[in-house]
Amino acid sequence: MTKVTAANLRFGLKLFADLSRREPNHNLVLSPSSVATALGLTYNGAAGETREAMARTLEIQNLTLPEFNRGHAALHRRMRTSEPDLRSLSANGLWVRRGVPLEPAFLRTAQEDYGAEVASLDFDDPKATEVINQWVAERTEGKISQVVGDRLGEDTLLCLMNAVYFQGQWQRPFDPTRTREGRFTLADGTVTRHPMMEQFNTFRYLEKQQFQAVNLPYGDGRLSMVLFLPRRGLDFAEFAEVLNPDSLALWMADLENAEETNVLLVLPRFQVQYEADLGGALKDLGMGLALDPMKADFRLMASSGPRVFIKRVQHKCFLTVDEKGTEAAGSTSVHMGLESAQKFHRMEVDRPFFFAIRNQETGDLLFVGSVFQPR
């Protein structure tokens, strides 16, 4: 795991925890790589105390700026995969209010290290938002069509976007004929009915005192979804208390080292959509200075003209899981018969659970989320 990957893991889980506290017992999906990339590019324009605050929030205090940018450049390259059973991409876009000069070094970093498409735009034109939203829609296969509202506002000087798209087919797909209506118990104890997929197959499987976990690979196995199911009787909030960067890294390592074993897996079909302005959460995590119009220091982005500050960090995610696999998008403003004599583990995901879509080779977290009510 690279230093940037480790930093993104720490930052992503901090952000997930804060957002979960803000909306407890609600479905949530977040793309740590998308948010970290967008803020990472912004970090290149920060100076002074603003840069120090962003570094602490992003968990990159021990990284030099060249190390940090090289790490994100490598992440950007790794995200671009196009195969019959696996597609993923990460795209960066940077729109500047017409007439606002940006520092050449910042623009060079945006284009060379982050592969950003840079354009000047008349933000006072009502159609400006259409240009940005169309860019996001094209790069998420139409799954996310609107991130920016009707108007950008007179005080908007720059709009930076990262879009993440992922579509993966299960290495071992579920048989649709085995999907049935089943019980799913919500956090408040209410029992609902929902389509539940089922298969008996061999997977990497892990049991701990607090949970069961299983690794579901996509395509050639480089990417996978890891499911964590808190033990029956354990409240999801109690599981969340032990979910942190160190524990997750340890659990992932244990799963990687686990031998494949027979698992009877019952999993709901589900779709999660989530949208939030991350400003409040980022302030909680120590980045308030960057969002303060009177104190923010982004002179390495724009040294002349009005003071630049982060006005809003809009994040929107979409993810769907079915018998064939997973389709997900994020933007930041990503059959065997059961023989009774066989020894097997039963994992019935019939209550709130946590998931992560992860690059098995690098440890990059594309998406993390929790499902309290499958839809």
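Take the position in the sequence shown, starting the count at 1, then add 72; the result is the number in this note's numbering. Beta carbons are placed, not taken as given, at the ideal position from N, Cα and C, and that holds for glycine. Keep in mind it's a predicted model, so treat the numbers as computed, not measured.
No Cβ-Cβ contact shorter than 8 Å links Thr122 with Leu357. Per the DSSP secondary-structure output, Leu161 pairs in a beta bridge with Tyr237. The beta carbon of His144 sits closer than 7 Å to those of Val76, Thr109, Gly112, Asp185, Tyr186, all from its chain and outside the five residues before and after it, given in chain order. With respect to the 8 Å criterion, Lys388 and Ile204 are not classified as neighbours on the basis of their beta carbons. Under a 10 Å Cβ-count criterion, Asp227 is classified as exposed, with fewer than 16 other Cβ atoms of the shown protein chains found around its own Cβ.
In this structure, Phe426 keeps its C-beta atom at 8 Å or more from the C-beta atom of His98. Judged by beta-carbon spacing, Ser192 lies beyond the 8 Å limit of Phe439, meaning their Cβ atoms are not closer than that value. In this structure, Gln241 places its C-beta atom within 8 Å of the C-beta atom of Gly397.
Rounded to the nearest whole angstrom, the C-alpha separation of Ala353 and Arg128 is 14 Å. In its chain, beyond the 5 residues on either side, Leu299, Leu301, Val338, Leu339, Pro340 have a beta carbon closer than 7 Å to the beta carbon of Val421. Around the CB of Arg423, 16 or more other CB atoms lie within 10 Å, so the residue is classed as buried. Counted as a single uninterrupted DSSP element, the beta strand (DSSP E) harbouring Ala285 occupies residues 283 to 289.
Boundaries of the alpha helix (DSSP H) harbouring Glu313: 308 to 314, taken from the DSSP string. In the structure shown, Glu175 falls within a coil segment according to DSSP collapsed to helix, strand and coil. Judged by pairs of C-beta atoms under 8 Å, the region 150 to 169 touches the region 232 to 247, as three or more such pairs exist.
When DSSP states are grouped into helix, strand and coil, Gln218 belongs to the coil group. With at least 16 other beta carbons inside 10 angstroms of its own, Arg82 counts as buried.
Burial state of Thr201 is buried, judged by a 10 Å Cβ sphere holding 16 or more other Cβ atoms.
Under the criterion of beta carbons closer than 8 Å, Met373 and Gly117 qualify as touching, at roughly 3 Å.
Using a Cβ distance threshold of 8 Å, Leu230 and Arg169 count as a contacting pair.
Pairing Ala209 with Phe416, the inter-Cα distance amounts to about 43 Å.
Straight-line measurement puts the Cα of Ser375 at about 33 Å from the Cα of Thr74.
A distance below 8 Å separates the beta carbons of Val219 and Gln386. The C-beta of Ser442 has 16 or more other C-beta atoms within 10 Å across all chains shown, which makes the residue buried. The C-alpha of Leu174 is placed about 52 Å away from the C-alpha of Met269.
Annotated as distal: Ala401 and Ser92, with beta-carbon spacing of 8 Å or more. Annotated three-state conformation of Gln271 is strand, per DSSP.
Excluding sequence positions up to five before and after Gln133, its CB lies within less than 7 Å of the CB of Ala127, all in the same chain and listed in chain order.
Straight-line measurement puts the Cα of Val236 at about 7 Å from the Cα of Thr212. Residue environment analysis places Asn329 among the exposed positions, since fewer than 16 neighbouring C-beta atoms fall within 10 angstroms of its C-beta. Between Val286 and Met419, the gap from beta carbon to beta carbon is short of 8 Å.
Judged by beta-carbon spacing, Pro446 lies beyond the 8 Å limit of Phe381, meaning their Cβ atoms are not closer than that value.
Arg149: not part of any beta strand (DSSP E); member of the alpha helix (DSSP H) spanning 137 to 150, first to last residue. Taking the C-beta atoms as reference points, Ala79 is found nearer than 8 Å to Leu135. With a contact defined as Cβ atoms closer than 8 Å, Ser106 and Ser403 qualify at about 7 Å.
The DSSP-derived three-state label of Thr77 is helix.
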